[in-house]
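J.:
Protein chains in written order, with my numbering: chain F, 8 to 207; chain E, 189 to 805.
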């Protein structure tokens with residue numbers, strides 16, 4: 008998709024929140040949704056099960072207004088984390104300009120985190136995207152949980168962040184680290200968009 | 189003392205406590221009729237006090253007339269000791285006579301208080317004997333309480349002793365879930381499960397863990413914080429300014445603009461990949477100027493040939509030269525250039541020692557036009573095959589291009605005449621464009637350009653344009669360029685800048701082959717003797733050979749005989765016809781040149797073999 012359109016002076020970024028089930032992807036979007044002034048946010052579309060598990064995906068369009076003469080829009084998506092929604096994840100991932108990997112900091116979720124990260128790489132490869140090239144940040148969510156329930160960031164880094172991408176600690180439920188994460192992925196995406204635009 | 193919230197409903201029953209819970213509920217539902225006294229024991233924080241409170245609450249509900257007294261061991265011990273001191277023990281004990289249900293928590297706190305233990309034994313016995321319910325709790329079995337009085341031990345042992353053991357995982361999960369729900373905490377199942385897996389000594393610690401999370405979650409609910417979003421917007425703005433509005437951004441903007449206009453922007457796209465910023469303003473201005481020029485060219489082309497409008501070359505500044513060529517071809521397209529004579533093919537050209545160098549050069553030009561020999565200048569006397577050879581090159585180039593290339597093949601005199609005509613018609617531009625648009629230009633007999641100043645001037649321009657755009661130029665002349673009279677030095681030097689090769693008069697072997705071919709073509713097959721005889725005939729050119737063949741053929745037809753050696757001798761004479769001395773030799777002889785003794789001069793050297801025989805003689 009054309010993301011920096013110099014002819015129409017539009018910037019459109021698709022950012023996908025990826026991660027294992029119940030890691031807090033939808034919570035990120037809910038927090039962002041709650042912080043954005045009404046006139047800047049579109050209708051958040053969330054297809055969830057009765058138990059609030061994301062069934063298909065969440066979609067939050069953000070209109071950032073005119074920035075340096077560009078009409079700037081962010082489209083935030085989440086994927087369903089559950090293993091059996093593989094097809095949906097792949098579909099949502101298509102055309103992504105950047106990925107936020109929301110990891111669950113709980114010790115017991117480490118395997119699910121690793122599995123989801125591998126799944127991300129596999130799905131990117133399916134789309135012909137080099138996982139090393141696409142803008143990616145990692146969010147270690149649920150840092151508000153007691154220390155004995157969660158892994159140290161260094162341990163999570165060792166397991167998940169082997170490429171040393173920007174990583175953010177977060178408590179998405181209360182918003183800590185949510186915008187820092189969004190800010191981080193936005194910068195990476197915009198840098199890359201500016202580097203590749205024009206060829207599209 | 190009594191915790192109003194500590195009811196049976198809120199007591200989570202598991203494998204560890206279901207007996208105690210059942211017994212407690214039974215005594216609450218039917219006080220004094222069963223399990224009396226009921227002694228509940230277990231570690232600290234496992235729910236003993238909760239059960240006692242639950243018994244009290246349920247009893248009060250079911251049996252509102254029953255007086256319920258709730259106290260703990262420490263309080264009982266202290267009060268009993270006080271009554272002893274004041275001598276009012278009877279009064280103290282009498283107060284229990286009215287109690288319908290005694291709930292005594294932490295009996296183990298009576299350890300060391302022997303008198304109080306005796307007193308308690310009396311109270312319990314009295315109550316039980318009167319059908320009143322007694323429920324006690326302690327951290328250990330009665331016999332394990334330090335310094336327990338035998339009387340009390342006996343009393344307590346008469347009732348039901350049930351224990352509360354630490355809750356298993358599932359019970360802890362259930363307890364935590366209930367606690368979380370009651371506190372309004374939003375905890376996922378796995379978080380609760382994780383909490384439950386902690387090492388706990390009692391239920392209270394579960395509550396403490398939960399409180400820890402509750403404390404964190406009691407942070408103010410997310411409020412609309414325009415500052416946070418504004419800060420994010422500000423950061424995005426900085427990034428956009430830095431990375432989107434950079435020099436690459438300006439280039440991309442130009443690319444987007446020109447692409448939207450339908451132009452190819454390869455040169456600008458490559459500039460984006462430069463490691464450092466180029467002169468963006470200069471680059472875009474140059475590109476813009478190039479586009480303007482393309483537009484002018486397209487307008488011009490439209491006037492000449494409307495079908496050319498929209499041609500891809502008019503949309504790509506990097507194909508400017510092609511666009512100009514296209515227009516030039518359009519300009520000259522009304523009068524197509526004269527092409528090579530189709531019948532003069534390379535296959536029909538006989539190769540011999542006298543022309544092999546020129547033929548080799550011609551083949552190289554066909555193989556790689558405008559690469560090796562450009563221009564190719566072939567010189568030699570009239571009738572030796574120059575025209576045939578260059579027309580053969582032209583035909584081969586046409587064939588090589590699939591007949592799409594424009595190959596012009598004209599005589600220099602025609603060139604002069606055309607220019608005169610064009611000057612008269614005011615169509616010199618078109619005439620010029622016609623030749624500039626060719627892929628290969630062949631000009632025969634360029635010696636005719638000598639003295640034609642205007643033609644030389646125009647040809648100079650055409651020649652340069654073709655050479656610069658890597659188009660092949662082939663020229664013939666009856667002499668080397670240096671000997672062409674009144675030829676501008678700049679043209680001569682350019683002609684000599686390519687390959688200048690001669691074609692000489694056919695040697696004997698070539699003559700024999702040519703005679704054989706032409707006689708055969710005329711229907712007169714020739715044997716070796718006849719060809720040897722004809723080969724000795726000293727002709728200077730192919731054209732002469734054709735003339736001899738025509739003469740012999742005519743004579744043969746007239747006499748009704750085949751072409752034979754006799755006929756040849758009859759028509760051409762008995763022996764070789766001496767050649768005419770060249771002007772240069774005549775001049776040398778007359779000038780008395782020492783090496784040109786008339787007796788040693790042989791005017792015509794038929795071939796190397798003949799020369800050798802002559803020298804041997």
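Heads up, the beta-carbon is just placed ideally off N, CA and C, and yes, glycines get one too. Note that the coordinates shown come from a computational prediction; the quantities given were computed from them, not determined experimentally.
(1) What do you get for residue 696 of chain E, buried or exposed, if any count of 16 or more other CB atoms within 10 angstroms of its CB means buried?
(2) Quick test of the definition: if touching needs 3 or more C-beta pairs under 8 Å, does the region 319 to 331 of chain E touch the region 215 to 227 of chain E?
(3) Strictly under 9 Å for the Cβ-Cβ distance: is residue 421 of chain E near chain F by that measure?
(4) Starting from residue 24 of chain F, find everything on chain E with Cβ-Cβ shorter than 8 Å and list it in chain order.
(5) Taking the alpha helix (DSSP H) that residue 94 of chain F belongs to, which residues open and close that run?
(6) Using a cut-off of 9 Å between C-beta atoms, extract the partners of residue 429 of chain E located in chain F.
(7) On the criterion of 16 or more Cβ atoms from any shown chain inside 10 Å, does residue 123 of chain F qualify as buried, or is it exposed?
(8) Compare the Cα-Cα distances from residue 565 of chain E to each of E:708, E:665, E:199, E:442 and report the closest residue.
(9) Is there a Cβ of chain E sitting closer than 9 Å to that of residue 204 of chain F, yes or no?
(10) Considering Cα atoms alone, identify which of E:460, E:427, E:715 is closest to residue 443 of chain E.
(11) For a quick check, are the C-beta atoms of residue 125 of chain F and residue 158 of chain F less than 9 Å apart?
(12) Does DSSP put residue 769 of chain E in a helix, in a strand, or in coil?
(13) So what's residue 665 of chain E in DSSP terms, helix, strand or just coil?
(14) Give the single residue among F:177, F:77, F:154, F:67 whose Cα lies nearest to the Cα of residue 397 of chain E.
(15) Touch check for the region 178 to 195 of chain F and the region 142 to 151 of chain F: three-plus C-beta pairs under 8 Å?
(16) Using a Cβ cut-off of 9 Å, which residues of the region 370 to 381 of chain E contact any Cβ in chain F, in chain order?
(17) Roughly how many angstroms lie between the CA atoms of residue 717 of chain E and residue 740 of chain E, to the nearest whole one?
(18) Would you mind working out which of E:344, E:395, E:375, E:569 sits nearest residue 360 of chain E, comparing C-alpha positions?
(19) So, at 6 Å on beta carbons, what are the nonlocal neighbours of residue 575 of chain E in its own chain, with the 5 sequence-adjacent residues on each side left out?
(20) DSSP has residue 174 of chain F in a bridge; who is on the other side?
(21) Looking at residue 680 of chain E and residue 670 of chain E, is the spacing between their C-beta atoms short of 9 Å?
(22) Under the assumption that residue 514 of chain E contacts residue 489 of chain E (Cβ atoms under 8 Å), give the Cβ distance between them as a whole number of angstroms.
(23) Rounded to whole angstroms, what is the Cα-Cα separation between residue 121 of chain F and residue 29 of chain F?
(24) Is residue 116 of chain F close to chain E? Criterion is C-beta to C-beta, closer than 9 Å.
(25) Count the other CB atoms, across all protein chains shown, that sit within 10 Å of the CB of residue 409 of chain E; report buried if there are 16 or more and exposed otherwise.
(26) Taking just the CA atoms, how far does residue 428 of chain E sit from residue 438 of chain E?
(27) Does residue 18 of chain F get closer than 9 Å to chain E when you measure Cβ to Cβ?
(28) Residue 14 of chain F CB to nearest chain E CB: under 9 Å?
(29) Please check if any C-beta of chain F sits within less than 9 Å of the C-beta of residue 635 of chain E.
(30) Could you please give the first and the last residue of the uninterrupted alpha helix (DSSP H) stretch that includes residue 323 of chain E?
(31) If you compare alpha carbons, which of E:280, E:257, E:258 is closest to residue 267 of chain E?
(32) Residue 626 of chain E and residue 654 of chain E - do their beta-carbons sit closer together than 9 Å?
(33) Quick one: grab the DSSP three-state call for residue 672 of chain E.
(34) Helix, strand or coil: which one does DSSP assign to residue 683 of chain E?
(35) Counting C-beta neighbours from all protein chains within 10 Å, is the total for residue 737 of chain E 16 or more, i.e. buried, or is it exposed?
T.: For this structure:
(1) buried
(2) yes
(3) yes
(4) What residue 24 of chain F touches in chain E: nothing, since even the nearest Cβ is about 16 Å away.
(5) 93 to 100
(6) 74, 75
(7) buried
(8) E:665
(9) Low local confidence applies: a pLDDT of 49 at residue 204 of chain F is under 50, so the model's placement there is unreliable, with the coordinate-based value given in what follows. Yes, residue 204 of chain F lies at the interface with chain E (some Cβ there is under 9 Å from its Cβ).
(10) Closest by alpha carbon: E:460.
(11) no
(12) Unreliable positioning characterises residue 769 of chain E in this predicted model, as indicated by a pLDDT of 44, which lies under 50. The coordinate reading is nonetheless provided below. In this structure, residue 769 of chain E counts as coil in the three-state DSSP scheme.
(13) DSSP, reduced to helix, strand and coil, places residue 665 of chain E within a strand of the structure shown.
(14) Of the candidates F:177, F:77, F:154, F:67, the one whose C-alpha sits nearest the C-alpha of residue 397 of chain E is F:154.
(15) yes
(16) 374, 376, 377, 378, 379, 381
(17) 15 Å
(18) E:395
(19) 632
(20) F:145
(21) For residue 670 of chain E and residue 680 of chain E, yes; Cβs fall inside 9 Å.
(22) 7 Å
(23) 14 Å
(24) Taking 9 Å as the CB threshold, residue 116 of chain F lines the interface with chain E.
(25) Note that residue 409 of chain E scores 49 on pLDDT, short of 50, meaning its location in the model is unreliable; the coordinates nonetheless yield the value given after this. Burial call: exposed.
(26) 12 Å
(27) yes
(28) yes
(29) no
(30) Counting along the chain, residue 323 of chain E falls outside any alpha helix (DSSP H), though it belongs to the beta strand (DSSP E) covering 321 to 326.
(31) E:280
(32) yes
(33) DSSP places residue 672 of chain E outside both helix and strand once states are collapsed to three, so it counts as coil.
(34) helix
(35) buried
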